[in-house]
Every structure is written in C-alpha cells, then in structure tokens.
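Chemist:
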Amino acid sequence: EYVIQKMKEGKAIIALCGDEFAGFCYIESWGNKQYVANSGLIVVEKFRARGLAKRIKKAAFQLSRLRWPNAKLFGLTSGGAVMKINTELGYVPVPFSELTDDEAFWKGCESCCNHDVLVRTGRRYCICTAMLYDPEKHDNENK
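For my numbering, count along the sequence shown from 1 and bump the result up by 37.
#1: If you reduce the DSSP assignment to three classes, tell me which class Val-80 lands in.
#2: Looking at C-beta atoms only, is the number of pairs between the region 73 to 90 and the region 107 to 125 that lie closer than 8 angstroms three or more?
#3: Kindly indicate which residue of Leu-126, Gly-55, Gly-68, Gln-99 has the alpha-carbon position closest to the one of Lys-48.
#4: Rounded C-beta distance between Phe-84 and Ala-59? I'm assuming under 8 angstroms.
#5: Could you pull out every residue in the same chain whose Cβ sits closer than 7 angstroms to the Cβ of Arg-104, ignoring the five residues on either side in sequence?
#6: Could you check which residue in Leu-53, Ile-79, Arg-92, Cys-163 has the C-alpha nearest to that of Val-131?
#7: Beta-carbon within less than 7 angstroms of Cys-146's beta-carbon, same chain only, minus the 5 sequence neighbours each way: which residues are those?
#8: By the 10 Å Cβ neighbour count, where 16 or more other Cβ atoms means buried, how is Ala-97 classified, buried or exposed?
#9: Does the separation of the CB atoms of Arg-161 and Phe-142 fall below 7 angstroms?
#10: Using the Cα positions of Leu-136 and Tyr-170, report the straight-line distance between them to the nearest angstrom.
#11: Rounded to a whole number of angstroms, what is the C-alpha to C-alpha distance between Gly-55 and Ile-79?
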C-alpha cells in the first residue's frame, strides 16, 4: 500500500530485476518544500553487494533535485554504507538542528527503537547521523 501511494505521487524509486522486486527508496518534502528527505532504502538481500543501493540513492537524489531544485536534501542513517553513498552524492554530516523542524517528519521517528534517545536529548542527538545536501553550497557544480 505504502509503495503504491509513493508511486502514485511520483515519489518512489523502484528497482526491478525482470519482474522481481529488488529495491526501493522514496522521497518526501517537508517544511513547505524547503527540505526533502530520501528515506526507506530497501535492497532485497540477494541483490545486495552489486551497487544497487548506490544506484537507487542516486536516482532518488536526481528526482529530488528535479522536483525541488532549491530544497535542502537530508537523511538520517546509522548505516555505514548509506553514509558513504550520501557522502559521494555531496551530503555532509550536520547537527539535527540544521534539519527540518516539521513535526510531521519527526513523528516518523517514533517507531524507531532509538526514539527515546532523540526525545531525551531534546532532538539534538540520536544513534542516527543526520546528513544534509545544501544546493547553495554546490552552486558551481550545478551550473
């Protein structure tokens, strides 16, 4: 259902191998479209270690830049592989205070097993690393 909703909204990146589902990621805008999160990266186990996650993240990045060219792109992750991909795309680690203050985004963290850390620290720290791509800092690359 969720994947279908994101597809209808034009916010889904879906990887297939023939007719077989191989991976997924979605994008969502926050804070009056000033911020865009690339979230929900899934790569089916048998398709891992083939560069698929990198291709999905790159496609999500390109779609985000196309739909919201002036938005800051961000993500939260605790995975080293995703941090590496994000870094290659131009994201940098930032304090949580540089991310959206949109309460609807932060509500999504409530299902995480580490949510208590985020709450206890007043949304300053968590197990995840916040990563941000600011298009204003990449002006020369985008011209």
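Even for Gly, the Cβ is constructed at its ideal location relative to N, Cα and C.
None of the values given here were measured: they were computed from a predicted structure.
Modeler: The relevant details are as follows:
#1: strand
#2: yes
#3: Gln-99
#4: 4 angstroms
#5: none
#6: Cys-163
#7: His-152, Leu-155
#8: buried
#9: no
#10: 10 angstroms
#11: 17 angstroms
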